[in-house]
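All residue numbers for the sequence shown refer to the numbering used here, where the first residue is -2 and numbers rise by one.
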Amino acid sequence: MRIALYEPEIAGNVGAVMRLGACLGAQVELIEPMGFAWDDRRVRRTAMDYIDHVTVRRHAGFDAFREAVGPARLVLFTTKSSASIYDFAFAPEDILLFGKESAGVPVEVAEACHARVRIPMRPQVRSMNLATSAAVALGEALRQTGMLPG
């Protein structure tokens, strides 16, 4: 199971997702460009020493990412889907894809994904924080596939 972040804009979110990946055993794929300098100390501050326990791969863009991951199934998490993550059947090789904080993913990226799902939430709110969404999604995907650690 892998988490992919499409053009993330906030270093703290990337650090938190890296820490999540370290704790739950998920590789993190970062699709550039990012909205901050990679050597930004905020990433390390958020990820802390967990950064040494997660595999992180950076990709020069979406096409480079697709080439690197091959035929793996891309599951896009988007508020624009009506399909709940709790009704979706995850597979161990899935890549859970999350868009940039301010705009999600462009239409062509969404159309390149094998599935689009959403985390159910109250209609009065727009969306969850990126790292929170990744935690909810990864937890459910690992639970379904019997891959939760410990």
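For each residue, glycine too, the CB sits at the ideal point set by N, CA and C.
Practice item. Apply the 10 Å Cβ neighbour rule to Y83 and answer buried if 16 or more other Cβ atoms are within range, or exposed otherwise. Key: Indexing the sequence shown from 1 puts residue 83 at position 86. That one is exposed.
Practice item. Take T43 as the anchor and find which of G22, G147, A128 has the nearest alpha-carbon. Key: Reading the sequence shown from its first residue, position 46 is the one you call residue 43. The candidate whose alpha carbon is nearest that of T43 is A128.
Check your understanding: Going by the beta-carbon positions, is the gap between V114 and Y3 smaller than 7 Å?
Key -> Here residue 114 corresponds to residue number 117 of the sequence shown, with the count starting at 1. Here residue 3 corresponds to residue number 6 of the sequence shown, with the count starting at 1. Contact flag unset, no.
**Study point:** Residue span of the beta strand (DSSP E) that contains A1, given as start and end
**Key:** Within the sequence shown, numbered from 1, the residue matching residue 1 stands at position 4. Element bounds for A1: -1 to 3.
Check your understanding: For R115, does the three-state DSSP call read helix, strand or coil?
Key -> In the sequence shown, the residue the question calls residue 115 occupies position 118. Strand, per DSSP.
Point to revise | Per DSSP, cross-strand counterpart(s) of F74 | key: Taking the first residue of the sequence shown as position 1, residue 74 is located at position 77. Its beta-bridge partners are F95, V114.
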